[in-house]
Amino acid sequence: MSDLGDLYQQTILDHNRNPRNFRRLEPANRTAEGHNPLCGDRIKVYAQVDGDTISDIAFQMPDGAGCAISKASASLMTAAVKGKPVAEAEALFQAFRDMLSGGPIAPGKLAAFGGVRAFPARVKCANLAWHALHAALQNQSDPVSTESAGDF
Amino acid sequence: MLDTNIRADFPILARKEHGHRLVYLDNAATTQKPRQMLDAILNYYSTSNANVHRGAYGLAVAATEAYEGARGAIARFVNAWAVEGVVFTRGTTEGINLVAGSWGRANVKAGDTVVVTAMDHHSNLVPWQMLCAEQGATLRMVEVTADGRIDLLDFGRALEARPRLVAFPYVSNSLGTVNPAAELTRLAHAAGAVVVVDGAQATPHLRVDVQALGCDFYALSGHKMLGPMGSGALIAKPALLEAMPPYHGGGEMIERVWDDHSTWNQIPHKFEGGTPNVEGAVGLAAAVAYLERIGMDKIAEHEQALAREAIERLSQIEGVTIYGPKDHRAGDIHPHDLATILDRDGVCIRAGHHCTQPLMRRLGVPATARASFYIYNGVDDVDALVAAVRKAGELFGVVTA
Numbered sequence: 278m279s280d281l282g283d284l285y286q287q288t289i290l291d292h293n294r295n296p297r298n299f300r301r302l303e304p305a306n307r308t309a310e311g312h313n314p315l316c317g318d319r320i321k322v323y324a325q326v327d328g329d330t331i332s333d334i335a336f337q338m339p340d341g342a343g344c345a346i347s348k349a350s351a352s353l354m355t356a357a358v359k360g361k362p363v364a365e366a367e368a369l370f371q372a373f374r375d376m377l378s379g380g381p382i383a384p385g386k387l388a389a390f391g392g393v394r395a396f397p398a399r400v401k402c403a404n405l406a407w408h409a410l411h412a413a414l415q416n417q418s419d420p421v422s423t424e425s426a427g428d429f
Numbered sequence: 004m005l006d007t008n009i010r011a012d013f014p015i016l017a018r019k020e021h022g023h024r025l026v027y028l029d030n031a032a033t034t035q036k037p038r039q040m041l042d043a044i045l046n047y048y049s050t051s052n053a054n055v056h057r058g059a060y061g062l063a064v065a066a067t068e069a070y071e072g073a074r075g076a077i078a079r080f081v082n083a084w085a086v087e088g089v090v091f092t093r094g095t096t097e098g099i100n101l102v103a104g105s106w107g108r109a110n111v112k113a114g115d116t117v118v119v120t121a122m123d124h125h126s127n128l129v130p131w132q133m134l135c136a137e138q139g140a141t142l143r144m145v146e147v148t149a150d151g152r153i154d155l156l157d158f159g160r161a162l163e164a165r166p167r168l169v170a171f172p173y174v175s176n177s178l179g180t181v182n183p184a185a186e187l188t189r190l191a192h193a194a195g196a197v198v199v200v201d202g203a204q205a206t207p208h209l210r211v212d213v214q215a216l217g218c219d220f221y222a223l224s225g226h227k228m229l230g231p232m233g234s235g236a237l238i239a240k241p242a243l244l245e246a247m248p249p250y251h252g253g254g255e256m257i258e259r260v261w262d263d264h265s266t267w268n269q270i271p272h273k274f275e276g277g278t279p280n281v282e283g284a285v286g287l288a289a290a291v292a293y294l295e296r297i298g299m300d301k302i303a304e305h306e307q308a309l310a311r312e313a314i315e316r317l318s319q320i321e322g323v324t325i326y327g328p329k330d331h332r333a334g335d336i337h338p339h340d341l342a343t344i345l346d347r348d349g350v351c352i353r354a355g356h357h358c359t360q361p362l363m364r365r366l367g368v369p370a371t372a373r374a375s376f377y378i379y380n381g382v383d384d385v386d387a388l389v390a391a392v393r394k395a396g397e398l399f400g401v402v403t404a
């Protein structure tokens, strides 16, 4: 039996309480919205991409609140991809998704979400921000939903 | 209070969740099933299964009797206007869609108004949105008050448009509010409207008398009242059903079929195209018998006592917000996190928008956590709920350990 402490690791509780890059970014030349219909959480991701690099990134949760997992994941995601090439961000997204579907642990602080694997009902919460980032980088204009993303 | 020995009738309650006793508090989503109901279905398939209303042999007659007998049981349970005013459906959603698709298309025209409330479940909102969009009619949503009741002043203003139809829930699935359904119906009728009551959350918990309510259509779901999933009924005034066009075309709903047209069967069969869910009807009738044996007044009293106890004790925990008629606010843990944490102690609650997104928008939250009681819950379940909520508060640093 997995413990709640594996899910709500200190890093996650910390980023939930004090989310980084939690603001509206202006100007931003890439934005996308993500929606998790299961719990109603919505996220808006803003990125400024210059050339091949994500110069700046931020997020907001328009309905005022997200669950601890989705908020902390968004916060850690922005910290992980800020200043990185777009291709590296996409590779991290893939590594993160792989981890949540049972693959190897993702690099750096993203490893804190390894515990989510034992809580299948929360995988979508952890993936929400990443799907929105992916959509933003692809210049997708329609809001992306965790239901259509293929993650269970 | 009801005796917790009742739990012995519910096989699933023996299940362990993460090593804990299952504390099932998601009864507003669906209820667990007593052995008596399961046995009725098993018995039907073991002894009486055949297609209904057509076979000229004894077994088919037995199946038809089981099916029509169930209709009679449900008619008595809600004091329907007539047995033929009970149309079997697969739940409240289908019942409301039937009214919208049949009565609505025939009677709601361009420029007409349909009234709903901000506390309606999506199943009593989206069908009316679809109807209004199709017919060019206007949908008017009545506001809710800060303490989670239908705003009667706004309801009155909405009626000034002389709506063709007014729809509202008897009991709110998100807030637990019991609406003054008879009074709302009286006001809507005085304005010339036909009244549709969503009875999904009332029928399992209160003594329902549709004739006393005076509404025109009343929809209910079997699975929320110990019955099988995919069972339900639309209770309607027979004269309305007589005048309505059919909903689904197919076998059973016809009288005679020619190459290019058909005539319709009598009500309620006109609305039951295709082989019906006989298992669902039989199971629902067994569930009704089970509830009647306990008594609906006793059930209502039991649940009110549990709800009072839970609200009082949860209110004392820092950071807890109670939504609905007993109101005060804070809310420091997202409902989805709360549901995960409670699940580890075997406590099943619902986190989400409860299919009431317009209401959540008005409450200013993306979601709420909902604990809902039924006959097999006891004070020990309230204890488990309160302890688990406290634990969640500690984990998130909202409550001092």
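From first to last, the protein sequence lines stand for chains A and B.
Residue numbers for the first sequence follow my numbering, so the first one is 278 and each next one is one higher.
Residue numbers for the second sequence follow my numbering, so the first one is 4 and each next one is one higher.
Positions of the beta carbon are idealized from the N, C-alpha and C atoms, including for glycine.
Against chain B, does residue i count as a neighbour if the rule is that its beta carbon must be under 8 Å from one of theirs?
| i | result |
| --- | --- |
| phenylalanine 396/A | yes |
| methionine 278/A | Per-residue confidence for methionine 278/A stands at a pLDDT of 42, beneath the threshold of 50, marking its modelled position as unreliable; no derived number is given. |
| alanine 403/A | no |
| leucine 315/A | yes |
| alanine 342/A | yes |
| alanine 345/A | yes |
| aspartate 333/A | no |
| aspartate 257/A | No information on residue 257/A is available, as it lies outside the stretch 278 to 429 that chain A covers here. |
| arginine 399/A | yes |
At the 8 Å Cβ level, is residue i part of the contact set with chain A, yes or no?
| i | result |
| --- | --- |
| arginine 18/B | no |
| proline 2/B | There is simply no residue 2/B to check, as chain B begins at 4 and stops at 404 in what is shown. |
| arginine 347/B | yes |
| histidine 337/B | yes |
| isoleucine 344/B | yes |
| tyrosine 27/B | no |
| glutamate 123/B | Going by the sequence as given, residue 123/B is aspartate instead of glutamate. Judged by the 8 Å Cβ criterion, aspartate 123/B is not in contact with chain A. |
| aspartate 340/B | yes |
Taking CB distances under 8 Å as the criterion, tell me whether residue i reaches chain E.
| i | result |
| --- | --- |
| glycine 355/B | The chain labelled as chain E is not found among the protein chains of the depicted structure, namely A and B. |
Going along the chain, which residues of its own chain have a beta-carbon closer than 8 Å to the beta-carbon of residue i, five neighbours each way excluded?
| i | result |
| --- | --- |
| glycine 325/B | The displayed chain sequence assigns isoleucine, not glycine, to residue 325/B. Counting only Cβ-Cβ distances below 8 Å, and skipping sequence neighbours, we find Ile314, Leu317, Ser318, His331. |
| glycine 379/A | Arg394 |
| alanine 390/B | Asp348 |
| asparagine 30/B | Pro207, Lys227, Ser375, Phe376, Tyr377, Asn380 |
| aspartate 300/B | Arg210 |
| alanine 305/A | Tyr323, Ala324, Gln325, Asp333, Ala335 |
| alanine 85/B | Ala78, Pro241 |
| alanine 103/B | Pro130, Trp131, Met133, Leu134 |
| arginine 93/B | Gly233, Ser234, Gly235, Asn280, Gly283 |
Would you list the one or two residues that DSSP bridges to residue i?
| i | result |
| --- | --- |
| threonine 92/B | Gly235/B |
| arginine 373/B | Arg353/B |
| isoleucine 2/B | Only positions 4 to 404 of chain B appear in the structure, and residue 2/B is not among them; the question remains open. |
| valine 174/B | Val181/B |
| threonine 116/B | Thr141/B |
| aspartate 335/B | In the DSSP output, where bridge partners are listed per residue, aspartate 335/B has none listed. |
| arginine 259/B | Thr266/B |
| valine 200/B | Phe171/B, Tyr221/B |
| phenylalanine 299/A | Phe336/A |
| proline 362/A | Thr330/A |
So, for residue i: in the same chain, excluding its five sequence neighbours on each side, which residues have a beta-carbon less than 7 Å away from its beta-carbon?
| i | result |
| --- | --- |
| alanine 164/B | Thr116, Arg143 |
| arginine 24/B | Gly349 |
Compute every distance between the C-beta of residue i and the non-hydrogen atoms of the ligand GTP, then say whether any falls below 7 Å.
| i | result |
| --- | --- |
| asparagine 100/B | No copy of the ligand GTP occurs in the structure displayed, which carries no ligand at all. |
Looking only at its chain, what residues have a beta carbon closer than 6 Å to the beta carbon of residue i, apart from the 5 residues adjacent to it on each side?
| i | result |
| --- | --- |
| phenylalanine 80/B | Val291 |
| arginine 399/A | Ile346, Val393 |
### Task
Please name the residues in the stretch 379 to 392 of chain A whose beta-carbon is closer than 8 Å to at least one beta-carbon of chain B, in chain order.
So nothing in the stretch comes that close.
### Inter-stretch contact (C-beta, 8 Å, three-pair minimum) for the stretch 39 to 54 of chain B and the stretch 175 to 188 of chain B
The stretch 39 to 54 of chain B makes no contact with the stretch 175 to 188 of chain B; the number of CB pairs closer than 8 Å stays below 3.
### Query
When the Cβ atoms of the stretch 246 to 256 of chain B are set against those of the stretch 36 to 47 of chain B, are three or more pairs found closer than 8 Å?
Because the criterion of three Cβ pairs below 8 Å is not met, the stretch 246 to 256 of chain B and the stretch 36 to 47 of chain B do not touch.
### Interfacial residues, the stretch 281 to 304 of chain A to chain B, with Cβ spacing under 9 Å
Against chain B - using a Cβ distance shorter than 9 Å - the residues of the stretch 281 to 304 of chain A are Leu281, Gly282, Leu284, Tyr285, Leu290, Asn293, Arg294.
### Task
Kindly confirm or deny that the stretch 146 to 161 of chain B and the stretch 381 to 401 of chain B touch, where touching means at least three C-beta pairs closer than 8 Å.
In the pairwise beta carbon analysis, the stretch 146 to 161 of chain B is classified as not touching the stretch 381 to 401 of chain B: fewer than three pairs are separated by under 8 Å.
### Task
Would you check if the stretch 304 to 312 of chain B and the stretch 379 to 387 of chain B touch, i.e. whether three or more CB-CB distances between them fall below 8 Å?
These segments touch.
### Task
Taking 8 Å as the threshold, find out whether the stretch 277 to 297 of chain B comes into contact with the stretch 224 to 242 of chain B through three or more Cβ pairs.
The stretch 277 to 297 of chain B is in contact with the stretch 224 to 242 of chain B.
### Message
I want to know whether the stretch 348 to 359 of chain A touches the stretch 401 to 412 of chain A - three or more CB-CB distances under 8 Å.
### Response
The stretch 348 to 359 of chain A is in contact with the stretch 401 to 412 of chain A.
### Query
Between the stretch 129 to 136 of chain B and the stretch 207 to 220 of chain B, are three or more C-beta pairs nearer than 8 Å?
In short, these stretches do not touch, since the Cβ pair count stays below three.
### Task
Taking a Cβ distance cut-off of 8 Å, strictly less, list which residues of the stretch 385 to 400 of chain B are near chain A, in chain order.
Those residues of the stretch 385 to 400 of chain B that come within reach of chain A (Cβ to Cβ, closer than 8 Å) are Leu398, Phe399, Gly400.
### Query
Okay, do the stretch 353 to 373 of chain B and the stretch 10 to 18 of chain B touch, 3+ Cβ pairs below 8 Å being the bar?
Not touching, per the Cβ criterion.
### Message
Under 8 Å, with one C-beta from each stretch per pair, do the stretch 352 to 366 of chain A and the stretch 281 to 298 of chain A reach the 3-pair mark?
### Response
Judged by Cβ distances under 8 Å, the stretch 352 to 366 of chain A makes contact with the stretch 281 to 298 of chain A, as three or more pairs qualify.
### Query
How do the stretch 308 to 315 of chain A and the stretch 366 to 373 of chain A stand: do at least 3 beta-carbon pairs fall below 8 Å, yes or no?
Not touching, per the Cβ criterion.
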